[in-house]
Amino acid sequence: MPKIETAEQVKRFQEHCKSALDRFPIVVSLCNGTACCAMGAKELAAAFEKELAGDESVKFIKSGCHGFCEVGPLVVVRPLDVVYQRVKPDDVPEIVDRSLRHNEVIDRLLYRFGDGGKVFAKEGEIPFYSNQSKVVLALNSLIDPYSIDDYLAYGGYSALARALEMTPDAVLKEITDANLRGRGGGGFDAGRKWNSCRTAAGERRHIVCNADEGDPGAFMDESILEGNPHSVIEGMVIGAWAIGGDDGFIYIRNEYPRALKAFGNALKQAREYGFLGENILSSGLDFDIKVSRGGGAFVCGESSALFRSLEGEVGEPRAKYVHSVERGYRDEPTNLNNVETWANVPHIINRGAEWFRSTGTKDSPGTKVFSLVGKVENTGLIEVPMGITLREIIFDIGGGIKGGKNFKAVQTGGPSGGCLPASSLDLPVDFDVLTRAGSMMGSGGMIVMDEETCVVDVAKYFTDFLIEESCGKCLPCREGLMHMSGILHRITEGKGKPEDLRRLVKLGDAVAAASLCGLGVSAPNPVLSSIRYFEDEYLAHINEHRCPGSVCSALISYHIDPAMCTGCGTCEKVCPVDAIKPVPDEERKDGLLREIDADVCEKCSACKEVCPEEAIVVESPAVTTEHYRENVTEMR
Amino acid sequence: MLAVQEKYNWLPSEALDYVSRRLNVRKPRIYHIATFYKVFSLAPRGKHILQLCMGTACHVRGAKLIADAMARQHGLQFGKTTDDGLFTLERVNCLGACAIGPILVVDGEYKGNMTTNRANAIIKRLKREETGGEGGNA
Amino acid sequence: MEETSVKMLKLTIDGIETEAREGETILQVAERLMIDIPTLCHWKFVKPYGACRICTVEIEVHGKTRMVPSCSYKVRDGMVVKTRSEEVIKHRKMLLELMLARHSQVEVVRKLAHEYGVDTTRFEEMPSEQCINCGLCVRVCDEVVGANALTFVKRGTERYVSTPFEGEAESCIACGACAYVCPTGHITVQDIRDRKYVFSELALGPTTPIHIPFAAAIPGIPVIDSHTCIHMQTGGCGICSKVCEPDAIDYEMQDTFEEMEVGSIILATGYKTFDPKRAEQYGYGRLDNVITSLEFEHMSHASGPTGGAFVKADGSEPKSVAILHCIGSRDKNYNEYCSRVCCMYSLKIAHLIREKVPDADIYELYIDMRCPGSGYEEFYNRLLEEGVHFIRGKGVEVSQMPTLATTTPVASNSKLYVKCEDTLLGMPRELPVDMVILSVGLEPAADAEEVARVFKISSKADGFFMEKHPKLAPIDTLSDGIFIAGCAQGPKDIPDSVAQGAAAAAAAMSLIDAGEVALEPITSVVDEEVCTGCKTCLVVCPYGAISFDEEKHVSVINDALCKACGCCVAACPSGAITQRGFDDTQIEAELAALLM
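Protein chains in written order, with our numbering: chain W, 179 to 814; chain L, 9 to 146; chain Z, 1232 to 1827.
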């Protein structure tokens, strides 16, 4: 394949790719995202390949994540435009036969909402999709991430061609006008950042993409890298043109082997086509990107730590009073943006700053990708305009809380963000509003919690996570978090003291004020925000030894509701410690057939998982087996 | 070092010596790096690597219960290898498949929607396979 | 000029308006103003680290207030700094309280916390750890020393300082810098008394690489020991040059040779002490508490390594000491001569020990006491009265276990047993003691032979320089204008050395005073026309009187040195050298006259 050397050639080649794609009347796109794979997409792909072997009319794509992970594996058939969900290998012959050959819709594989509720066939009709506006993720279900031709067929790299015909200043102006804010968490103005890096003194300038998506519960960057790696490359090359970058790096966390593979392949192709390397599209720009793998350290998402890690050192943050744009990687000017930010760049160049600003809010324009997870009906990857309310995200797109339970809180911004209560549901989601509410945008993890989640437990979880991930360099973060965790553990064990809350707040303030890097400064957020909004839950733990979410194992006890129990004995079989015993006939009362011995029970929840009648109940504060037996009527 | 780790599954001291010489980096620095990053292991790892996702979404969906159960019933603790050298349980923070959490990765294979019961079954099956092969006449 | 290009910034610290150079940290400026900001992880010779956060101060720039660590935060124009605002104190207290929970027994932490009124912690206390993870040792080893032997291990709360695999660090140069900077005393240098680590001239303890060679050295300028200086080993450190305001440190300086022209030379090259390692039976170098008399001298000096305290290798006080005379002297195996000074200095040592450890058992093992000299015998008598045990019999052997059946072993694992023949009692004895001091004899200086060769003077059989005449010319040598004084000529004590030195000086002065020397009438002379430049004469001249003129390529005889011995005349193969008054024709004429 000869290198593409001019903008004109890009255009011609795009058309060539498009016509190649158009030759297939039918397209089957199988979601090959991490979640779908874990649910059997691999076997499914094999089945499709077998079934479609030799069929020239069908293009079969193993695409990146479609987003609707809840009901995977997903299969989309075009132009029929139908989404099949939870597809099994056995369904494949039927799909091929009926949908592909005869244009029929297979009813039983369609998505349904609610109990026997509405059936949705088309992608655009499903509420999960219809309420989104996809930009960065738009191509995810359409292209094969391993094919640069597919990307070109959908207009890929035309932004690069366009940008290289503009002056770097003009590109910079476009980005600045678009008011693109960093999608990695801080929301820093990308245009300003680019400009400072461009003007900073230094011989070499580095362009770095942060793909160390360490926030647990977030997989936006992973999905972009897996689903549309070329958009990130294109963004970075445009950045290099505007900033005057000499070389590029992408720091991908080691936990994402699939993203590493997809991106590595994309780099290879981009080099072959001449979008990377020397004299890109005859513009005189020499630029290439190296992949650097992380080592499992959350703190490396912090910019100064990331640079140390890139240099092959231990990922310890440094005092950041000199901005990384001036002294980043190897103490040279470095422009660091995250995956999603880079992926937005080609769209801005293609469609202009004006278009970009037309979505979202005034101060936070554009769209944002979130991973909507937790106790929500429709988990998955979504892209929505900034300014959308949390309620719209959780209830309209997310389909509300799983199992029709009540909403309790939503955690945004990962371990550095905060918990927001129901009263915040109508807040528009943008950088500034979330920060004011005591949380933050973060990179886009959104974890929904229902009434069966304990906020103290979640705060404890995040604090423990951060202790594990803290580099341990500075005292407040290292020691402060440890003591915060200690107090939280005490509270969840029912040993909390009334003064604990005040102490947590004071300690949290000190850690936030005195820590060295962003990890430490934002580390107390989960605790502080949950105290701010859910003080009553903390007090319930401390004063009543009651866990409102029935989570904290020291404060709960498992029992069998005689009214529900049918005596099937499934629970007895799974109990690893033999805590479940039939009640002797003479003691049977109120239809009690089996009983969990609270002294033996280890609260592993195995019984609750298997009980077909949902007869296993959790009481908090914990009560003895006898007490429950005596008072079962009132307790119910 | 990632390459060494992949080849041997852990980082023996000699390997670090080699890396130190090859890269001309003093050994203390290498040692810090090896202990700082979670992917590196300075002790041999078990035959089967179990990685339990303790990401937020998985946590909210009960990953902790699974971790507790594994510790209690099989003596598996995070970062430790069982005495028989069969299993190493590792804690990972989010594998990016939160929709199907909790996730247990068994020797590189993702197993979604994990429960204490399913995790138990997996470990028991692996144990059976191991002893079954050798203990035929036992 | 760089000086002028530095921007000066105005700022206010605790109400004091001041100026600072761009790039300075708040802490640097505060230090200049004598404003105390506490810190636990900062040392001015390593890069700011910002780990302890105790130095956090409140700043206000453009109306915005922030908390920043003063050690690493650079000053900005118009900045207002408050180092002790309510907010600052609040945070500092909280941090100290946190520290106290983990480091309750660490003195610096307790002290600092106490200053801030924090004596107890509300947090769960843990077993006190000495290391506060300030990282000073790691950074000093890396940035200053350049050895990079230490590292942090792991991360987060599990973080600690160690060496790779907790083993012995290959790159450690045992400089002790880490222990020096450690604020809590967590790092100690082990085996400081192990001779491996000792780098002073005597094996008693370390001195710093920079030191004045000895008290009253002239000139009194410190020198850098290139074997122990960190900079010379690793290229790092360089702290001395940073702190030296007159900028007098020059690492490039090399030893230099000075040439001068003189009319007369006094050789007073001294002696060296006998190396007792040659006499293995005394266990020197093998047994911890066997030292030489000179080492004792060093130790007992107030400026010595122990500050004058008399201690054993483990730091405890010896309760019994044996002083063994004539080590290396009066011994056919080593030196047959008497070193003359040992008896008296051994008495002095006993006296000093008696002073330092009044109840010690002190033994002097001698062959005979030689105390001639003013007041010497009296001093001996005084020592007898001081209760020093004198045993007539030479020490034979020092061992850790008794070797004689008659000896009752003492229940202590650090005792030494000194075997001797008590010639007054007529029986062998074995003394259990804590320490043995070897009164080593005097030997010619190590380079005496070389010196003799250079100056063309003779040495005696024992290696000391030979005088012109043992009775009539004890300071002269056979070469005119070269004199010898002190122990270069033979063992002698200080008064004798001083006397001989003064005599030599006077002899030299008499030459200078005369201003000229009377030449011998008969000297040899080279006929430059005939000399082939073979240099045979240079080798044979016993007085070093012949030099070689490279330009003319002929030998030249110095008339002042020539003693007219005639060696060169006889040796000259071309017959170019003749002796004045004794040329061939004259000799032949004399012979003819005699034979006629």
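By construction, the Cβ of each residue, glycine as well, lies at the ideal position given by its N, Cα and C atoms.
Cβ-based burial, residue i [other Cβ within 10 Å; buried from 16]
i, result
"Z:Cys1224", "The requested residue 1224 of chain Z is not part of the displayed model; chain Z covers only 1232 to 1827."
"W:Asp275", "exposed"
"Z:Leu1655", "exposed"
"L:Tyr26", "exposed"
"W:Arg724", "buried"
"Z:Ile1247", "exposed"
Spatial neighbours of residue i in its chain, beta-carbon cut-off 6 Å, leaving aside the 5 residues before and after
i, result
"Z:Asp1744", "none"
"W:Val313", "His525 and Thr545"
"Z:Arg1370", "Val1277"
"L:Gln132", "In the sequence on display, residue 132 of chain L carries Lys and not Gln. Here the set comprises nothing."
Contact with chain L by residue i, beta-carbon distance below 7 Å
i, result
"Z:Thr1465", "no"
"W:Val188", "no"
"W:Ala475", "yes"
"W:Ser783", "yes"
"W:Tyr639", "yes"
"W:Arg656", "no"
"W:Pro563", "no"
Nearest-angstrom beta carbon gap, residue j and residue i [assumed within contact, 8 Å]
i, j, result
"Z:Tyr1648", "Z:Thr1638", "7 Å"
"W:Tyr335", "W:Phe465", "That belief does not hold up - the Cβ atoms of W:Tyr335 and W:Phe465 are roughly 14 Å apart, past 8 Å."
"Z:Ile1688", "Z:Met1697", "7 Å"
"W:Arg569", "W:Asp604", "6 Å"
Within-7 Å CB hit, residue i to chain Z
i, result
"L:Thr43", "yes"
"L:Lys88", "no"
"L:Tyr39", "yes"
"W:Ile526", "no"
"L:Arg126", "no"
"L:Pro52", "no"
"W:Pro495", "no"
"W:Ala688", "yes"
"L:Ser49", "no"
Interface residues of chain A facing residue i [CB-CB closer than 7 Å]
i, result
"W:Glu780", "Note that chain A does not occur in the displayed structure, where the protein chains are W, L and Z."
Nonlocal neighbours in the same chain, by C-beta distance under 7 Å from residue i, ignoring five residues either side
i, result
"W:Val637", "First, the amino acid is wrong: residue 637 of chain W is Ala here, not Val. Around W:Ala637: Leu666, Pro704, Val705 and Ser708."
"W:His737", "Ile774, Val795, Glu797 and Tyr806"
"Z:Pro1804", "Cys1765 and Thr1767"
"L:Lys72", "none"
Own chain partners of residue i with C-beta closer than 8 Å, once the 5 adjacent residues on each side are dropped
i, result
"Z:Val1454", "Ile1441, His1442, Ile1443 and Pro1444"
"Z:Arg1252", "Val1237, Lys1238, Met1239 and Leu1240"
"Z:Ala1282", "Cys1272, Asn1364, Cys1365 and Gly1366"
"Z:Glu1432", "Note that Z:Glu1432 scores a pLDDT of 38, beneath 50, so its modelled location is shaky and nothing firm can be said."
Any chain W beta carbon closer than 7 Å to residue i
i, result
"Z:Ala1344", "no"
"L:Val100", "yes"
"Z:Leu1863", "This structure gives no information on residue 1863 of chain Z, because the portion of chain Z shown stretches from 1232 to 1827."
"Z:Arg1442", "A small fix is needed here, since residue 1442 of chain Z is His in this sequence, not Arg. It does not: the Cβ of Z:His1442 has no partner Cβ on chain W nearer than 7 Å."
> What runs of the beta strand (DSSP E), each 3 residues or longer, lie entirely inside the segment 1288 to 1369 of chain Z?
Replying inline: 1295 to 1300 and 1310 to 1313
> Hey, which unbroken runs of the beta strand (DSSP E) at 3 residues or more fall wholly within the segment 433 to 471 of chain W?
Replying inline: 455 to 458, 463 to 465 and 467 to 471
>> Extract the residue ranges of the beta strand (DSSP E) inside the segment 485 to 541 of chain W, only unbroken runs of 3 or more that lie entirely within it.
In response: 512 to 516
> What are the start and end residues of each continuous alpha helix (DSSP H) run of 4 or more residues lying completely inside the segment 332 to 393 of chain W, in chain order?
Replying inline: 336 to 343, 346 to 356 and 368 to 377
> Can you list the alpha helix (DSSP H) stretches of 4 or more residues lying completely in the segment 1550 to 1615 of chain Z, in chain order?
Replying inline: 1573 to 1587
>> I'd like the ranges of any beta strand (DSSP E) spanning at least 3 consecutive residues and lying wholly in the segment 1708 to 1767 of chain Z.
In response: 1713 to 1715 and 1755 to 1757
> Unbroken alpha helix (DSSP H) runs of length 4 or more, entirely within the segment 734 to 798 of chain W: which are they?
Replying inline: 748 to 752 and 784 to 788
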